[in-house]
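Each step along the sequence shown adds one to the number in numbering that gives the first Met the number 0, with nothing skipped, and position 226 is 225. In this text, a Cβ means the ideal position worked out from N, Cα and C, and glycines have one as well.
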Amino acid sequence: MDRKALLAVMLMMVIAIVPSFFLKKGGQADGRTGGPGADTVQSTISAVPAPQAPGQPAAGGQAGRATDALGLAPAPAPAADDTIAVRAGLATYEFSTRGGRLVQATIEKYRMTIPGRKEEPVTLVKPDTALFGGLLVTGRDTIRLGDVTFTASAPALTIQQPGDALVLTGQAGTRTVQLTYRFEPAEYRFRVEGSVTGVDASGGILFLPLGAGIRNTEGDSATNFQSAAYVTRTLEGATRHDIASLDAGEADTVSGPFDWVAVKSKYFVTAVLAGDSAAGARLSAVQAIANPAPEKVVAARVTVTLPVPASGRFAYEVYAGPMEYGRLARVGREFDDVNPYGWPGFRTLIRFFAQPVRALLVWMHESLTLSYGLVLIAFGILVRVVLWPLNQKAMEASMAMQAIQPELEALKARYGKDPQRFQQEQVKLFKERNVNPFGSCWPMLLPMPILLALFFVLQYSIELRGTSFLWLPDLSLADPFYVVPIVMGGSMWVLYKVGQAGMPPNPQQQMMTWMMPIMMTVMFLNFSSGLNLYYAISNIASIPQQWLIARARMRAGGPVGQRAAGKS
């Protein structure tokens, strides 16, 4: 393998991966404007009551006398409320009769990875908070739907078939409010159909709070926080707005129309999808108000807006569950892009490769009944086998360049003071010898999108979460003993040393032989053990071909060296 090509590949990986830890992606307005603008949302959003858990004492009196966890004024103390549990097959949802708020979503399939709580099922809603409820602004009136005391059609509900519903009915002054929740027992989503009487002839705007982010479910809370974001999707595609990029205490508002808006962590997501996007009923805007923490932003209260017609009827869908690619894809509307891989400028290319790679890994696990650890080993070997012809092309191009080095040196000695003439003679030599100077680089650069896609797939795929292999307790977390990253770095060093056989001594190459493995090992120490396992196997599987390439180079290097010595 050509050292310059290998160095270029490694530097590209560093340039592509390292910025993800430092870049701050702001929440710019995406998509076309429509519905209420940013100014309208920002002026009204302060009126949305901060969602509270059922039974939690609210601060009474004036709004300025007490604030919630994000520094926002809570609503007046409501009447007592009850919690209604809906068991919908894959999840259990708990709704409060106060405002019809979602106060908890429990995912039975997954367990917490937090030490001491690994037997608990995943719960998505943060303590002392809730989702939805909100308020309806119509004409000069503001209807606090989140404070309406509802009467439920049942004290508890177990979903038996698609379409089974929970109906809540209540009064907001003289207005009648009804909310109907329709569930899918085999999915993590449900549909909300609402109606409010007495809506102004010009319609209104429904403000839906999405809470202050997903509850922490991971032992690696730092990485989980780094993945916290809200994602908006217009007709042009999905845009991720990282919570960490928000300014403390500031409001970040973007205008739609949006097909859906989601709040995500590393592996889980809660989202509102427009009820009938085909008919143009889309979400109109979203605002995120960051917490006023002086050091760093750790949460943001997200609220979406939905236009309500004069009929007072509205609808939206809710997804609250894991980011399993297959389930997300079944929702439609490109909801599978709720976890955009990479960062702006790379996402389109990376997504093109990431989705097939992820699907192949899942297929190998399910169809071949292999553990994900063995899947990563098999996949690492498979990728090297597939790339064998490209590496072979690179070897041939590298050896061809090595063969004409004496002639290039002679041209440089003759025309070194005339760069234009030297370039002309160099191109002429390449044509005569049928040598492509970039032939050793392109075969190395072409697999880069696949390698970058693998980086994000293996780092953020929920399929690896909680999966053990050998001494590794969780392939989605770092190796607690750092064995795999050290093996990865050691195999990279061996790969470099084997590849240097038959090449002339070069101090820079010798330095890179040590520097690159050390640098990559340090950088990958805290990456997921599954990602390190793949790269280690990929390096080890590359050594045989690198050895064959080095042997071929040495066989070709003898005569070349003799010709060079004779000319000297």
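Pull up the DSSP beta-bridge partners for residue i, would you.
i	result
W259	R232, L272
H240	Y229
V124	Paired residue(s): none; V124 is not in a bridge.
A90	I106
A298	In the DSSP output, where bridge partners are listed per residue, A298 has none listed.
I83	F94
P208	T302
I542	Partner(s): none; I542 has no beta bridge.
T252	Q286
D140	T137
A151	L167
T157	R86
L471	F468
L101	F94, L130
F267	P321
V307	G203
Can residue i and residue j be called in contact, C-beta distance under 9 Å?
i	j	result
V361	A270	no
T231	V260	yes
G193	V301	no
I536	G311	no
Y266	Y109	yes
A452	V385	no
D81	A153	no
A164	T175	no
D251	A287	yes
I539	S490	yes
F182	G202	no
G331	L474	no
L123	V195	no
F455	Y340	yes
Compute the beta-carbon to beta-carbon distance between residue i and residue j, rounded to the nearest angstrom, for a pair I have assumed lies under 8 Å.
i	j	result
E316	G274	6 Å
G320	A90	6 Å
P208	F131	7 Å
Q145	G98	Note on residue identity: the sequence assigns Gly, not Gln, to residue 145. At roughly 4 Å, the Cβ-Cβ gap stays under 8 Å, so G145 and G98 are in contact.
A402	N435	About 13 Å separates the two Cβ atoms, so there is no contact after all.
T96	T148	6 Å
Q458	F526	7 Å
I158	R86	7 Å
A243	V296	6 Å
Mind checking which residues open and close the beta strand (DSSP E) that includes residue i?
i	result
P484	That residue, P484, is in no beta strand (DSSP E); its alpha helix (DSSP H) goes 482 to 498.
E316	312 to 321
F131	No beta strand (DSSP E) holds F131; DSSP gives it neither H nor E.
Y180	174 to 182
S194	188 to 195
Which residue comes first and which comes last in the alpha helix (DSSP H) that contains residue i?
i	result
Q170	It is not in any alpha helix (DSSP H) - Q170 instead sits in the beta strand (DSSP E) that spans 164 to 171.
Q330	It should be pointed out that residue 330 corresponds to Val in this sequence rather than to Gln. Element bounds for V330: 324 to 330.
Y371	371 to 385
W362	346 to 366
P405	404 to 414
K117	Note, K117: premise wrong, no alpha helix (DSSP H); not H, not E.
V426	418 to 432
Y459	447 to 459
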